[in-house]
Amino acid sequence: PLDQPLPNAPEAAAALERLPGRSGRRFIVISPMPRIDGGLELICGDGACAAQLQRRVRQWISVFSVRVIGELAEAQHAGVLGGALDSGERLMVLDCQGAGGEGTNRWYTVRARGASGKAIRQLFERQGARVSRILRIQLGPLTLGRTLSRGHFRAVETDEIEA
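Heads up, the sequence shown is in full-length UniProt numbering, so the first residue is 1 and it goes up one at a time.
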């Protein structure tokens with residue numbers, strides 16, 4: 001919902017304090033990630049722009065890094081690609097590739113259209129995988145670069161989200 005505030009957590013409050021005051025003190029999170037996960041978050045201070053972005057984000061391709069305990073079996077991998085959720089809906093999963101890992105931790109890069117962090121977690125857990133971390137690294141035309149430190153932000157230009 002558009003009037004959903006940022007999660008009531010110390011890290012969310014700290015993030016709000018760092019946002020520029022010229023946008024006011026009311027922000028809307030576009031397609032928020034669950035509190036236990038992280039990565040790219042899109043926060044907007046303009047209600048009309050937020051409403052437009054909420055609709056647009058459902059059409060965008062998102063990329064997630066998913067860390068699971070152990071390696072996905074072939075059937076689990078096929079299930080992730082199938083995109084079936086508990087609600088009976090289907091995610092349009094375009095790709096799921098192994099991305100390495102150490103010990104029992106394995107990373108997978110997932111590309112899906114209109115996906116949320118919650119849906120990606122559910123998709124993997126539905127296949128019996130134990131998910132320990134999800135990071136959104138791309139949301140439509142916006143990519144989380146390695147130069148942006150955790151908890152920091154940068155302004156997004158209009159032409160970036162209209163691409």
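Don't be surprised by glycine CBs; every beta carbon is placed ideally from N, CA and C.
Self-check item: Close beta carbons around ALA129, own chain, < 7 Å, minus the five adjacent residues each side
Solution: VAL68, LEU72 and GLN76
Quiz item: Is GLN59 near the ligand MG, with its Cβ less than 6 Å from a heavy atom?
Solution: Among the ligands in the structure shown, none appear at all, so the ligand MG cannot be discussed.
Quiz prompt | N-terminal and C-terminal residue of the alpha helix (DSSP H) that PHE124 is part of | solution = 117-126
Quiz item: Identify the residues that DSSP records as bridge partners of GLY38: which are they?
Solution: LEU135
Self-check item: Where ALA99 falls, given that 16 or more other Cβ within 10 Å makes a residue buried
Solution: exposed
Quiz item: Under a Cβ-count criterion, where at least 16 other Cβ atoms within 10 Å of its own Cβ denotes burial, should SER31 be classed as buried or exposed?
Solution: buried
Quiz item: Does DSSP put ALA75 in a helix, in a strand, or in coil?
Solution: helix
Quiz item: How would you label ASP95, buried or exposed, when you count the other beta carbons within 10 angstroms and need 16 or more for buried?
Solution: exposed
Exercise. For VAL57, I'd like the list of residues in its chain whose CB is within less than 8 Å of its CB, leaving aside the five on either flank, ordered along the chain.
Key: If we look at VAL57 and ignore the five residues flanking it on each side, its Cβ neighbours are ILE30, SER31, LEU42, GLY114, LEU139 and GLY140.
Quiz item: For GLN4, does the three-state DSSP call read helix, strand or coil?
Solution: Summary for GLN4: the model assigns pLDDT 39, below 50, so the residue's position carries little reliability, and this model does not support an answer.
Quiz item: Using a Cβ-Cβ cut-off of 7 Å (strictly less than) and excluding sequence neighbours within five positions of THR109, which residues of its own chain qualify?
Solution: Same-chain partners within the cutoff: VAL63, SER65, GLN97 and ALA99.
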